[in-house]
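S.K.: Quick one: the structure is below, and I'll ask about it shortly.
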Amino acid sequence: MNHYETVFILNPVLSDVQIEETVKKFEDFLINNGAKMVAKENWGLKKLAYPIQNKKSGFYHLFEFTSTGEVVMPYEQEFRRDERVMRFLTVKLDKHAIAWAEKRRTRNKTAKA
Numbered sequence: 001m002n003h004y005e006t007v008f009i010l011n012p013v014l015s016d017v018q019i020e021e022t023v024k025k026f027e028d029f030l031i032n033n034g035a036k037m038v039a040k041e042n043w044g045l046k047k048l049a050y051p052i053q054n055k056k057s058g059f060y061h062l063f064e065f066t067s068t069g070e071v072v073m074p075y076e077q078e079f080r081r082d083e084r085v086m087r088f089l090t091v092k093l094d095k096h097a098i099a100w101a102e103k104r105r106t107r108n109k110t111a112k113a
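Note that full-length UniProt numbering has the sequence shown beginning at 1, numbered continuously upward.
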């Protein structure tokens with residue numbers, strides 16, 4: 001099992017219900033294909049560094065999960081098929097990135113508390 005992290009940007013014209021529905025769709029895809037969700041973060045509406053599809057902002061989401069390598073290709077194919085997704089990036093985390101992600105999660109939890 002490898003450790004992966006995906007960040008994706010959703011179209012800013014979507015309603016809250018559509019955003020939740022899209023996030024749930026990708027989370028369900030991972031779970032149904034044997035992946036285990038480690039963390040899920042909603043970073044909210046952020047301004048883009050440059051326009052994508054003539055949009056200047058987007059809703060950012062992060063998924064951290066463990067799975068086999070065979071799941072990643074169909075997972076990314078789902079992102080390409082969904083018109084609500086403007087950009088996505090999936091990376092395999094090494095041991096240093098995993099430690100940094102755990103530190104970031106605990107820092108975020110203490111900041112919210």
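Quick reminder that beta carbons are idealized off the backbone N, C-alpha and C, glycines included. It should be emphasised that the depicted structure is a prediction, and the values quoted were computed from it without experimental measurement.
Kindly indicate the opening and closing residues of the alpha helix (DSSP H) around residue 145.
M.R.: Past the boundaries of the shown model lies residue 145; the chain is included only from 1 to 113, so the question cannot be answered.
S.K.: For V72, does the count of other Cβ atoms within 10 angstroms reach 16, so buried, or fall short, so exposed?
M.R.: Counting Cβ neighbours within 10 Å, V72 comes out buried, since at least 16 surround it.
S.K.: Is I9 buried or exposed, if buried means 16 or more other CB atoms sit within 10 Å of its CB?
M.R.: Classification for I9: buried.
S.K.: Given a cut-off of 8 Å, decide if S67 and A97 are closer than it, judged by their beta-carbon atoms.
M.R.: Going by C-beta atoms, A97 is not nearer than 8 Å to S67.
S.K.: Starting from R87, trace the beta strand (DSSP E) in both directions and tell me its first and last residue.
M.R.: Taken as a continuous stretch (DSSP letters only), the beta strand (DSSP E) holding R87 covers 85-92.
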